[in-house]
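Going line by line, the protein sequences match chains A and B.
Sequential numbering from 1 applies to the first sequence in full-length UniProt numbering.
Sequential numbering from 1 applies to the second sequence in full-length UniProt numbering.
Take a look at the structure below.
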Amino acid sequence: MAAEVARELRASFAAGRTRPVEWRAAQLRALVRMIEEKEGDISAALHADLAKPHMESYLHEISLAKASCTFALKGMKSWTKPEKVPAAITTFPSTAQIVSEPLGVVLVISAWNYPFLLSIDPVIGAIAAGNAVVLKPSEIAPATSSLFAKLLPEYVDNSCIKVVEGGVEETTALLEQKWDKIFYTGSGTVARVVMAAAAKHLTPVALELGGKCPVIVDSNVDLHVAIKRIAVGGFLKRVIERFYGEDPLQSADLSRIVNSKHFNRLTSLVEEKKVADKIVYGGQTDEKQLKIAPTVLVDVPLDTALMTAEIFGPYLPIITVEKIEESIDFINSKTKPLAAYLFTKNKKLQDDFVANVPAGGMLVNDVALHLANPHLPFGGVGESGMGSYHGKFSFDCFTHKKAVLIRGFGGEATARYPPYTTEKQKILRGLINGSFIALILALLGFPKEKR
Amino acid sequence: MAAEVARELRASFAAGRTRPVEWRAAQLRALVKMIEEKEGDISAALHADLAKPHMESYLHEISLAKASCTFALKGMKSWTKPEKVPAAITTFPSTAQIVSEPLGVVLVISAWNYPFCKSMIHCSIDPVIGAIAAGNAVVLKPSEIAPATSSLFAKLLPEYVDNSCIKVVEGGVEETTALLEQKWDKIFYTGSGTVARVVMAAAAKHLTPVALELGGKCPVIVDSNVDLHVAIKRIAVGKWGCNNGQACIAPDYIITTKAFAPELVDSLKRVIERFYGEDPLQSADLSRIVNSKHFNRLTSLVEDKKVADKIVYGGQTDEKQLKIAPTVLLDVPLDTALMTAEIFGPYLPIITVEKIEESIDFINSKTKPLAAYLFTKNKKLQDDFVANVPAGGMLVNDVALHLANPHLPFGGVGESGMGSYHGKFSFDCFSHKKAVLIRGFGGEATARYPPYTTEKQKILRGLINGSFIALILALLGFPREKR
Numbered sequence: 001m002a003a004e005v006a007r008e009l010r011a012s013f014a015a016g017r018t019r020p021v022e023w024r025a026a027q028l029r030a031l032v033r034m035i036e037e038k039e040g041d042i043s044a045a046l047h048a049d050l051a052k053p054h055m056e057s058y059l060h061e062i063s064l065a066k067a068s069c070t071f072a073l074k075g076m077k078s079w080t081k082p083e084k085v086p087a088a089i090t091t092f093p094s095t096a097q098i099v100s101e102p103l104g105v106v107l108v109i110s111a112w113n114y115p116f117l118l119s120i121d122p123v124i125g126a127i128a129a130g131n132a133v134v135l136k137p138s139e140i141a142p143a144t145s146s147l148f149a150k151l152l153p154e155y156v157d158n159s160c161i162k163v164v165e166g167g168v169e170e171t172t173a174l175l176e177q178k179w180d181k182i183f184y185t186g187s188g189t190v191a192r193v194v195m196a197a198a199a200k201h202l203t204p205v206a207l208e209l210g211g212k213c214p215v216i217v218d219s220n221v222d223l224h225v226a227i228k229r230i231a232v233g234g235f236l237k238r239v240i241e242r243f244y245g246e247d248p249l250q251s252a253d254l255s256r257i258v259n260s261k262h263f264n265r266l267t268s269l270v271e272e273k274k275v276a277d278k279i280v281y282g283g284q285t286d287e288k289q290l291k292i293a294p295t296v297l298v299d300v301p302l303d304t305a306l307m308t309a310e311i312f313g314p315y316l317p318i319i320t321v322e323k324i325e326e327s328i329d330f331i332n333s334k335t336k337p338l339a340a341y342l343f344t345k346n347k348k349l350q351d352d353f354v355a356n357v358p359a360g361g362m363l364v365n366d367v368a369l370h371l372a373n374p375h376l377p378f379g380g381v382g383e384s385g386m387g388s389y390h391g392k393f394s395f396d397c398f399t400h401k402k403a404v405l406i407r408g409f410g411g412e413a414t415a416r417y418p419p420y421t422t423e424k425q426k427i428l429r430g431l432i433n434g435s436f437i438a439l440i441l442a443l444l445g446f447p448k449e450k451r
Numbered sequence: 001m002a003a004e005v006a007r008e009l010r011a012s013f014a015a016g017r018t019r020p021v022e023w024r025a026a027q028l029r030a031l032v033k034m035i036e037e038k039e040g041d042i043s044a045a046l047h048a049d050l051a052k053p054h055m056e057s058y059l060h061e062i063s064l065a066k067a068s069c070t071f072a073l074k075g076m077k078s079w080t081k082p083e084k085v086p087a088a089i090t091t092f093p094s095t096a097q098i099v100s101e102p103l104g105v106v107l108v109i110s111a112w113n114y115p116f117c118k119s120m121i122h123c124s125i126d127p128v129i130g131a132i133a134a135g136n137a138v139v140l141k142p143s144e145i146a147p148a149t150s151s152l153f154a155k156l157l158p159e160y161v162d163n164s165c166i167k168v169v170e171g172g173v174e175e176t177t178a179l180l181e182q183k184w185d186k187i188f189y190t191g192s193g194t195v196a197r198v199v200m201a202a203a204a205k206h207l208t209p210v211a212l213e214l215g216g217k218c219p220v221i222v223d224s225n226v227d228l229h230v231a232i233k234r235i236a237v238g239k240w241g242c243n244n245g246q247a248c249i250a251p252d253y254i255i256t257t258k259a260f261a262p263e264l265v266d267s268l269k270r271v272i273e274r275f276y277g278e279d280p281l282q283s284a285d286l287s288r289i290v291n292s293k294h295f296n297r298l299t300s301l302v303e304d305k306k307v308a309d310k311i312v313y314g315g316q317t318d319e320k321q322l323k324i325a326p327t328v329l330l331d332v333p334l335d336t337a338l339m340t341a342e343i344f345g346p347y348l349p350i351i352t353v354e355k356i357e358e359s360i361d362f363i364n365s366k367t368k369p370l371a372a373y374l375f376t377k378n379k380k381l382q383d384d385f386v387a388n389v390p391a392g393g394m395l396v397n398d399v400a401l402h403l404a405n406p407h408l409p410f411g412g413v414g415e416s417g418m419g420s421y422h423g424k425f426s427f428d429c430f431s432h433k434k435a436v437l438i439r440g441f442g443g444e445a446t447a448r449y450p451p452y453t454t455e456k457q458k459i460l461r462g463l464i465n466g467s468f469i470a471l472i473l474a475l476l477g478f479p480r481e482k483r
């Protein structure tokens with residue numbers, strides 16, 4: 001099945017179907033139409049998979065997916081043009097350019113937390129860059145996965161853009177095929193498997209992973225604003241109640257946990273007494289609905305699972321230090337996160353943070369928004385991943401930048417040919433060191449050769 | 001030993017030693033000094049390893065390495081500055097920038113097995129230059145197949161650069177395997193596809209990104225519509241004037257039309273004799289084969305009678321001196337080793353087709369090469385070639401030169417590799433481009449916070465769809481919240 005899909009896509013790509021800019025634009029316009037016409041179905045699938053509030057579905061997935069398409073549609077004409085670069089004096093006369101060409105047939109493996117956006121966004125980049133692409137949506141978000149399998153063929157060119165559903169078995173089969181790039185969103189553990197499989201075919205990879213994204217909160221802040229901004233991504237007492245009411249488990253604005261496996265993984269993080277004792281707010285759970293309320297903890301011991309592994313859930317632990325500057329060393333003692341955040345009005349602390357905290361990306365005085373700016377590359381570093389996308393970075397992610405140097409038959413510098421003589425060496429040295437006289441001599445054909 | 005090296009470099013990097021631009025510039029200036037002061041020693045080492053003519057050492061290695069340093073020294077100030085990018089209206093007010101930060105501690109491996117790059121110094125030093133310019137600590141593992149050059153690095157680098165941050169580890173398979181077990185923040189490998197797979201698999205264990213500069217059979221299409229004498233000289237110097245064919249971007253084979261082949265072969269014969277004399281094995285301008293293992297690998301490629309019969313020029317060998325003369329073959333059967341594996345030596349087979357346009361399909365039936373070349377005055381053929389032949393890089397009407405232009409990314413695609421370097425691309429290769437978005441506490445759009453209401457949704461939809469009124473409403477704090 002996987003081999004068949006790969007074969008078919010290779011044939012379509014070899015036939016040149018994905019190369020014309022008109023074809024690529026048509027696919028992207030079809031995706032825009034799909035998002036507009038099926039917004040209700042998409043929202044419903046996200047709600048079925050995650051109890052995701054419609055507002056979040058719109059804000060975080062649907063609108064961003066549409067914006068991705070339109071940004072690519074606008075940019076594609078200039079992105080696909082060769083980029084002229086300066087030609088070196090040593091190859092005078094010549095013209096040099098960088099030509100963007102599609103890698104070929106690419107595989108996109110998506111995740112379950114933003115199952116619509118994280119599937120469609122890389123696919124948009126792959127199409128804009130002229131590739132054939134197969135999307136393997138996350139089986140942990142089954143409603144969204146089958147929505148893709150049903151909808152995409154209704155809108156886009158199915159001979160070049162395919163959806164393959166399935167779990168570990170189907171993904172393993174896909175990973176055995178040879179692709180020209182693999183784009184994986186998910187965990188570090190599986191990313192190692194993906195990269196090892198890719199290594200067999202020398203397939204380049206982009207890995208969008210996770211990590212423990214820290215938020216430093218300085219005392220020199222507008223605290224109400226800071227907390228609200230963290231609270232949209234994390235949760236704290238007064239604001240939590242304002243947002244979600246006295247009984248958050250009843251709020252329609254709170255997503256549920258994706259499945260019972262993750263529900264159990266999360267609740268076990270706070271089972272231990274020395275962790276549970278640190279809960280200062282929240283902690284309520286509803287196993288039947290797979291809901292966990294926003295929960296805040298303070299000074300949980302650092303050697304617990306909650307404090308070492310990526311949480312990926314509603315628990316927000318607070319770590320305290322003596323001086324706020326110590327937070328930077330603390331963050332750097334852990335693996336590089338996908339994103340790091342700082343709330344402060346202190347410019348010196350801000351500069352220190354930006355210069356000295358390696359992270360995929362960072363935000364000062366807000367959380368998460370940087371992913372909405374298509375001019376910023378979105379991606380991790382170290383354990384949080386490699387490669388980036390969004391905006392033109394998505395196009396570049398699935399593109400080979402081919403160097404092209406074009407000469408004519410003039411400008412023959414006989415000094416470069418054997419037999420090597422000291423005279424020739426002198427001229428070439430001069431030329432390379434930028435000597436104008438040497439250039440003239442070389443171009444005039446010195447030393448003169450017998451024809 | 002490998003673990004000790006990694007540990008020491010990590011400590012140096014963590015101490016912040018490689019971060020200041022002044023430190024990086026000082027290292028690069030020291031490398032320039034080293035190249036200038038030790039040019040004789042470098043040339044001698046290359047001659048010991050390959051019998052490389054001094055002119056080639058200067059042209060292809062020494063001058064390029066020096067140019068790399070100076071280009072990085074000139075560019076570093078602007079490369080290390082954050083790049084401002086437009087801020088989105090949805091995060092108004094905000095400033096957005098991309099900050100280049102070093103990946104950390106990186107490993108540069110110059111081919112350990114086969115093949116090694118034409119510019120050994122260049123291939124070793126150029127990635128190191130990029131790593132330093134980008135603010136990393138770096139360990140270089142030079143190729144043990146070129147032992148004189150390897151020990152020269154081990155001896156010279158500590159005399160010139162900061163040894164706590166830039167180290168050389170010599171050795172073969174064993175030492176390299178030990179290095180690959182450590183965790184690096186990037187691995188830059190130049191060599192063969194077989195070993196590249198091992199490198200990438202080792203890197204996968206640590207989620208270490210890799211750049212792989214590999215090889216392939218670099219094709220040269222020669223159309224009949226050319227200035228043949230110039231074309232042949234350029235092909236010949238690109239093939240035999242680059243380590244006698246032992247270069248990743250050396251022309252591997254020629255494709256031309258059946259009708260044009262005789263004239264092309266004639267021209268090749270005349271030019272080879274002009275360049276290397278009647279007895280090329282005696283020419284001081286021809287490199288030797290690097291060692292007997294590769295000498296035997298190469299000679300066995302033409303052992304088979306059905307291959308040997310196709311030799312139309314050359315073929316002489318001198319096993320004692322490890323020399324093989326420039327050799328041209330015509331229409332060797334396509335299922336032979338000579339025609340399927342990368343040659344990396346002085347044999348130049350010519351394939352013929354009926355019409356020159358068929359050469360494009362032929363090239364595309366093989367794996368993507370590191371470089372592809374075309375000689376023609378026919379603009380339509382040129383456009384077809386550029387648009388439809390995937391390759392690392394390509395040149396029209398010359399060979400190999402594109403690596404000398406620091407504004408062009410140098411690297412492969414598919415089987416010929418991933419990632420690129422040279423010029424600023426070297427700096428980028430060893431950098432993480434960190435997205436940084438900075439806001440103040442103003443511009444509070446309460447519409448984004450729960451509880452989600454239809455009123456808020458309307459405002460946000462409007463804002464996202466670029467409605468000016470929605471922006472005003474959102475910024476004015478609608479809907480009003482109770483504090």
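Positions of the beta carbon are idealized from the N, C-alpha and C atoms, including for glycine.
Three-state secondary structure assigned by DSSP to residue i
i               : result
I62 of chain B  : helix
P294 of chain A : coil
R407 of chain A : strand
A404 of chain B : helix
T344 of chain A : coil
G361 of chain A : strand
P102 of chain B : strand
A202 of chain B : helix
Y155 of chain A : helix
Chain B contact for residue i (CB, 8 Å cutoff)
i               : result
K74 of chain A  : no
T295 of chain A : no
N220 of chain A : no
H60 of chain A  : no
K401 of chain A : yes
Residue-level contact to chain A via CB, residue i, 8 Å cutoff
i               : result
P158 of chain B : no
A137 of chain B : no
K366 of chain B : no
K258 of chain B : no
Y58 of chain B  : yes
Y421 of chain B : no
M34 of chain B  : no
H432 of chain B : yes
Cβ shell of residue i (< 8 Å), same chain only, five flanking positions each side left out
i                      : result
E169 of chain A        : none
residue 501 of chain B : Missing from the structure shown is residue 501 of chain B; chain B here goes from 1 to 483 and no further.
R17 of chain A         : W23, A132, D157, S159, C160
First and last residue of the uninterrupted beta strand (DSSP E) at residue i
i               : result
K433 of chain B : 431-439
Residue i, enclosing alpha helix (DSSP H) - first and last residue
i              : result
V5 of chain A  : 2-14
Q27 of chain B : 21-37
Check: residue i C-beta below 7 Å from any heavy atom of the ligand HEM
i               : result
T295 of chain A : The ligand HEM is absent from the structure shown, which contains no ligands of any kind.
Same chain, Cβ closer than 6 Å to residue i, neighbours up to 5 away in sequence not counted
i               : result
R7 of chain A   : none
T336 of chain B : V307
task = Would you be able to state if there are at least three C-beta pairs under 8 Å between the region 295-304 of chain A and the region 261-277 of chain A?
result = The region 261-277 of chain A vs the region 295-304 of chain A: in contact.
inquiry  = Measuring CB atoms only, is the region 431-447 of chain B touching the region 77-92 of chain B, in the sense that at least three cross pairs come out at less than 8 Å?
reply    = With a cut-off of 8 Å on Cβ pairs, the region 431-447 of chain B is in contact with the region 77-92 of chain B, counting three or more such pairs.
message = Does the structure place the region 327-339 of chain B close enough to the region 312-319 of chain B that three or more beta carbon pairs sit under 8 Å?
response = Three or more beta-carbon pairs separated by less than 8 Å link the region 312-319 of chain B to the region 327-339 of chain B, which places the two stretches in contact.
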